[in-house]
Structure formats: structure tokens, C-alpha cells
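Structure first, commentary second.
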Amino acid sequence: MTLLTINKLTSSVGAEVTGLDPGRLAGDDALGTAVLDALEDNGVLVFPGLHLEPEVQVEFCRRLGEIDFSSDGHHRVAGIYPVTLDKSKNSSAAYLRATFDWHIDGCTPTGDDYPQMATVLSAKQVAESGGETEFASSYAAYDALTDAEKQRFASLRVVHSLEASQRRVNPDPSPEELARWRARPTHEHPLVWTHRTGRKSLVLGASADYIVGMDPEEGRALLSELLDRATTADKVYSHHWAVGDTVIWDNRGVLHRAARYDENSPREMLRTTVLGDEPIQ
Ligand code: OGA
Ligand code: MN
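Each residue of the sequence shown is one higher than the one before, starting from 1 at the first, in UniProt numbering.
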């Protein structure tokens with residue numbers, strides 16, 4: 001029996017899943033496996049109008065893997081983090097302006113944790129204009145390289161930091177802000193991630209600061225060129241949110257960003273993060 005009805009949204013990333021009964025989400029192991037398989041195949045799954053209760057979202061995510069509780073304290077339900085620029089809804093909202101740049105969640109964890117495998121967002125309030133979430137495949141980004149580039153990039157390593165991603169949206173930090181950013185350890189990752197499945201992807205985005213052993217400016221120019229090539233409009237799925245939509249993306253193979261929206265917007269997404277069990281290697 002087919003558990004999910006899946007329709008691809010673009011040729012490289014994203015699929016819409018319909019016919020799902022939210023009541024079954026939390027209690028059905030087979031459904032969890034079907035979602036994980038569909039996620040591996042499509043990178044992003046869109047569930048229109050599910051209207052999940054936050055508790056059900058967390059229960060559903062438990063079917064997909066270990067939940068990240070490290071950002072708890074901003075919502076009454078454990079495992080839920082409100083993604084909003086409204087400081088009255090989330091006291092750490094200022095950091096979230098960095099979601100306006102292409103990135104991969106979990107490249108700069110607080111410890112040695114593996115990168116977050118999947119991120120789930122449900123729309124509680126949407127922006128009046130802008131605020132779409134955009135996605136591009138980082139597997140496709142690798143596949144589109146020339147053979148010479150694949151060879152040249154195979155041994156490159158990149159240092160990622162919270163400071164790099166925050167500086168892009170806050171180029172003139174106060175000493176206190178800078179100290180907070182720098183308290184988060186930097187992480188060195190290969191440019192090319194060879195996954196357990198054998199697939200390869202590029203590890204790019206706002207947290208990528210410099211390439212080890214390369215002139216910093218030259219390295220940054222290369223990282224930004226690769227990001228531009230990975231995210232041209234023809235390669236992007238842009239999700240235009242309606243209240244009640246739920247979207248899951250796979251940080252192993254997808255870059256994402258929020259399209260600009262008014263910083264005073266009430267836009268609020270409820271996020272749950274599923275931890276990975278595989279290092280970037
Ligand atoms: C995130 C994120 C994008 C958005 O929650 O990790 O990048 O559209 N969100 O809010
Ligand atoms: Mn993100």
C-alpha cells in the first residue's frame with residue numbers, strides 16, 4: 001500500500017505530499033519510514049494545510065530521529081522553537097536575521113554534534129509580503145561540477161563559524177555581540193560531503209568563512225561563486241506559505257533561506273529539528 005501521495009515540485013528539489021492524515025502521523029512507524037525515504041529522494045517535503053498542533057509535530061518528528069532540545073525555553077512545548085523576528089515571541093530573534101542568507105542548518109553546532117538531519121517548520125503566522133522559504137539541492141550543486149572541479153575540490157576544507165553567518169546581516173557588531181558569536185566553536189568541514197549513501201553534496205552557505213590553506217579572498221570568491229551557481233532561479237523551489245502548512249527539509253542535501261520580509265512582521269514558524277547520525281565527512 002502506498003502511504004504517501006508525492007508530486008515533485010521541480011526537477012531537482014521538493015515534492016508535495018498530500019492525503020496524509022495528521023492523526024496518524026505521530027503513531028505510525030511505517031509512515032515515519034515512508035517520510036524519511038521521500039525526504040532522501042526529494043530533499044524537501046511540503047505538507048499543505050496540515051494544521052499540526054505543536055505537540056503532534058514533536059511526536060511526528062520522534063518518528064524521524066532524535067529531536068534537538070538544545071534551543072528549548074522559547075515555547076511551552078519541548079522541542080518547539082519559534083522562528084520569528086518578533087522579539088516578544090522569541091528573545092533570541094535577532095540571530096534569525098541570518099536566515100535571509102543561503103545556509104545549511106547545523107554547520108556550527110555548540111559541541112561536536114552531527115549536523116541536524118532534518119528541519120521541520122509549520123506556519124503559524126505568515127508575512128504580508130515576502131517570507132517564502134527557498135530551497136536548492138546541494139547534491140545537484142555537486143553533480144553540476146565539471147570533472148576537473150570535482151577533482152580539484154575533493155581535498156578542500158572549509159572553516160564554518162557562527163560569526164561568518166552573523167556578520168553578513170550584522171556587519172558592525174558590538175563587542176558583546178562579537179564575544180557571544182565567538183563563544184561558539186568554529187568547525188572545519190570538507191567542501192565535498194561524501195554521504196553514507198555514496199551520494200556527494202557541496203557544503204556551502206552563510207556559515208562558510210574561508211578555505212583552509214587558500215588565500216582568504218580567493219577562497220571566499222570561490223565559495224560565493226559555487227553558492228551562486230547552486231542557487232540560480234531555475235534550481236530553486238520557493239515555498240509560499242499559508243497558515244497551517246508544514247515543510248520538512250533535509251540538511252544533508254539542501255540549502256535554504258528565507259526571502260526577505262518586514263522585520264516588524266508577525267511572521268512565526270514553529271520549528272522542530274531532527275538530529276543526524278552521520279558526520280560531515
Ligand atoms: C530555519 C530557517 C527559514 C524561514 O528555521 O532554520 O532557516 O523561512 N528558516 O524561516
Ligand atoms: Mn535555517
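Every residue, glycine too, gets a C-beta built ideally from N, C-alpha and C.
Quick caveat: nothing in here was measured; it's all calculated off a predicted structure.
In the structure shown, what three-state DSSP assignment does residue i receive?
i, result
"serine 238", "strand"
"arginine 167", "helix"
"glutamate 188", "strand"
"valine 17", "strand"
"alanine 208", "strand"
"residue 282", "Summary: the structure shown does not reach residue 282, with the chain confined to residues 1 through 281, and so no result is reported for it."
"asparagine 135", "Per the sequence shown, the amino acid found at residue 135 is phenylalanine instead of asparagine. Three-state DSSP puts phenylalanine 135 in a strand."
"phenylalanine 60", "helix"
"asparagine 42", "helix"
"aspartate 37", "helix"
"alanine 259", "coil"
"arginine 182", "helix"
"proline 48", "coil"
"proline 22", "helix"
"proline 279", "coil"
Are residue i and residue j close, meaning C-beta to C-beta below 8 Å?
i, j, result
"leucine 255", "histidine 103", "yes"
"lysine 124", "valine 243", "yes"
"alanine 164", "alanine 206", "yes"
"alanine 127", "lysine 235", "no"
"serine 138", "serine 201", "yes"
"isoleucine 6", "proline 115", "no"
"phenylalanine 47", "leucine 20", "yes"
"asparagine 42", "glycine 14", "yes"
"proline 190", "arginine 157", "yes"
"threonine 108", "histidine 75", "no"
"lysine 49", "aspartate 245", "First, the residue type needs correcting, since residue 49 is glycine and not lysine in the sequence shown. Yes, Cβ-Cβ distance for glycine 49 and aspartate 245 is below 8 Å."
"glycine 131", "tyrosine 237", "no"
"serine 71", "tyrosine 81", "yes"
"alanine 30", "leucine 52", "no"
"leucine 85", "alanine 141", "no"
"valine 58", "isoleucine 67", "yes"
"asparagine 251", "glycine 106", "yes"
"arginine 229", "alanine 144", "yes"
"phenylalanine 153", "valine 192", "yes"
"glutamate 177", "asparagine 170", "yes"
The alpha helix (DSSP H) spanning residue i covers which residue range?
i, result
"glutamate 217", "216-230"
"alanine 26", "It is not in any alpha helix (DSSP H) - alanine 26 carries neither H nor E in the DSSP assignment."
Please work out which residues of its chain come closer than 7 Å, Cβ to Cβ, to residue i, disregarding the five sequence neighbours upstream and downstream, and give them in chain order.
i, result
"leucine 64", "Gly32, Val35, Leu36, Ala118, Val274"
"phenylalanine 69", "Ala78, Gly79"
"arginine 257", "Thr99, Phe100, Asp101, Trp102, His103, Glu134"
"threonine 194", "Lys200, Gln281"
"arginine 182", "Glu163"
"threonine 10", "Tyr237"
Identify, in the order they occur along the chain, each residue of the same chain with its Cβ nearer than 6 Å to the Cβ of residue i, setting aside the five sequence neighbours on each side.
i, result
"proline 216", "Tyr210"
"leucine 121", "Val247, Met269, Arg271"
"alanine 208", "Val158, His160, Leu223"
"glycine 219", "Tyr210, Ile211"
"histidine 240", "Glu132"
"aspartate 263", "Reading off the sequence, residue 263 comes out as glutamate, not aspartate. Within the same chain, glutamate 263 has close Cβ partners Leu85."
"alanine 26", "Val56, Glu59, Phe60"
So that I know if they touch, is there some Cβ in chain C lying closer than 8 Å to that of residue i?
i, result
"arginine 184", "Absence of chain C from the displayed structure is noted, only one protein chain being present."
How is the beta strand (DSSP E) around residue i delimited, first residue to last?
i, result
"serine 174", "Element bounds for serine 174: n/a, residue is neither H nor E."
"aspartate 147", "Segment 147-153 is the alpha helix (DSSP H) holding aspartate 147; no beta strand (DSSP E) there."
"serine 201", "200-202"
"isoleucine 6", "5-8"
"isoleucine 248", "246-250"
"arginine 196", "Element bounds for arginine 196: n/a, residue is neither H nor E."
"leucine 270", "268-275"
"valine 243", "Where valine 243 is concerned, there is no enclosing beta strand (DSSP E), given that its DSSP letter is neither H nor E."
"histidine 160", "157-160"
Once you ignore the five residues that flank residue i on each side, which residues in its own chain have a CB closer than 8 Å to its CB?
i, result
"leucine 96", "Val83, Thr84, Leu85, Asn90"
"alanine 38", "Leu4, Ile6, Ala15, Val17, Leu45"
"glutamate 188", "Arg157, Val158, Val159, His160, Val212"
"arginine 196", "Glu278"
"methionine 214", "Leu156, Leu222"
- Message: Runs of 3 residues minimum, wholly inside the region 88-144: which ones carry the beta strand (DSSP E) assignment?
- Response: At a cut-off of 3 residues, the continuous stretches assigned as beta strand (DSSP E) that sit fully inside the region 88-144 are 116-125, 133-137.
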